[in-house]
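Structure record follows, encoded as structure tokens.
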């Protein structure tokens, strides 16, 4: 099984490494070619995450993780997609969806029948169902709940201790429909 992790930042890269360490092949996608190059060399692009350097090197050496700037291609090659693009909020508490909307379009361009898409970032209530579901359907031409599956699983980790937090906290998952919930709960918790 192959999983695409979209955005290899301080949460996304450790999450990609965690999934790969559980035996899945992972393709990490990021808009930064510098981040992608460092990850493919087994070098952490940012310091401070406990055990990341060692664990990253291990999954790269084992061929379990690779990185690319071609998000749609990575999604097309994957059964599961985890979107970890941060939602930036300004000092007036207004969210800027531009980065996550762009990532959603890239995901939709590579989305294939049977795939599960999980948004794992802090989002306003209803965003997955009311914003991302229609966007994924419009661009891909696929129908959620029939052709692909969609859920939200908010991150419950903190930078610097992500691996221990993944072991410590139960995974919360909410599908946009019953089939999406079933698919998500059968896949997501097994790599925590």
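Numbering (the numbering used here), first residue to last: 1191 to 1382.
The beta-carbon is built from N, C-alpha and C at its ideal position, and this holds for glycine as well.
Being a predicted model, the structure only gives us computed values, none of them experimental.
Contiguous alpha helix (DSSP H) assignments of at least 4 residues, all confined to the segment 1255-1335: DSSP assignment within the segment 1255-1335 yields the following whole alpha helix (DSSP H) runs of 4 residues or more, N-terminal first: 1261-1266, 1288-1300, 1323-1330.
Opposing strand residues paired with residue 1356 [DSSP bridges]: Secondary-structure assignment with DSSP links residue 1356 through no beta bridge to anything.
field: Whole-angstrom C-beta distance between residue 1196 and residue 1219, which should lie under 8 Å
entry: Approximately 5 Å separates the beta-carbon atoms of residue 1219 and residue 1196; this is inside 8 Å, confirming the contact.
query: Per the contact definition of three or more C-beta pairs closer than 8 Å, is the segment 1222-1233 in contact with the segment 1261-1279?
result: The answer is no - the segment 1222-1233 does not touch the segment 1261-1279, with fewer than three Cβ pairs under 8 Å.
field: Where residue 1366 falls: helix, strand or coil (DSSP)
entry: Three-state DSSP puts residue 1366 in coil, outside helix and strand.
- prompt: For residue 1273, which of 1297, 1301, 1224, 1365 has the nearest alpha-carbon?
  reply: The candidate whose alpha carbon is nearest that of residue 1273 is 1297.
- prompt: Nearest CA to the CA of residue 1225: which residue from 1358, 1308, 1236?
  reply: Looking at 1358, 1308, 1236, the one whose alpha-carbon comes closest to that of residue 1225 is 1236.
message: Alpha carbons only, please: which of 1192, 1333, 1211 is nearest the one belonging to residue 1323?
response: The option with the nearest alpha carbon to residue 1323 is 1333.
- prompt: Buried or exposed: which applies to residue 1292, given that a residue is buried once 16 or more other Cβ atoms fall within 10 Å of its Cβ?
  reply: Exposed, since its Cβ has fewer than 16 Cβ neighbours within 10 Å.
query: Near residue 1386, what residues of its chain come up, given a Cβ to Cβ distance below 7 Å and the 5 sequence neighbours on each side ignored?
result: A query on residue 1386 cannot be resolved here, the shown segment of the chain reaching from 1191 to 1382 and no further.
message: Assuming residue 1217 is part of the beta strand (DSSP E), what are its boundary residues?
response: For residue 1217, the enclosing beta strand (DSSP E) has its first and last residue at 1215-1219.
- prompt: Counting along the chain, where does the beta strand (DSSP E) carrying residue 1205 start and finish?
  reply: First-last for residue 1205: 1202-1211, but that is the alpha helix (DSSP H), not the beta strand (DSSP E).
- prompt: What span of residues does the alpha helix (DSSP H) with residue 1228 cover, start to end?
  reply: Looking at the DSSP string, the run of the alpha helix (DSSP H) that includes residue 1228 is 1223-1230.
Endpoints, alpha helix (DSSP H) assigned at residue 1246: From DSSP, the alpha helix (DSSP H) with residue 1246 extends over 1242-1251.
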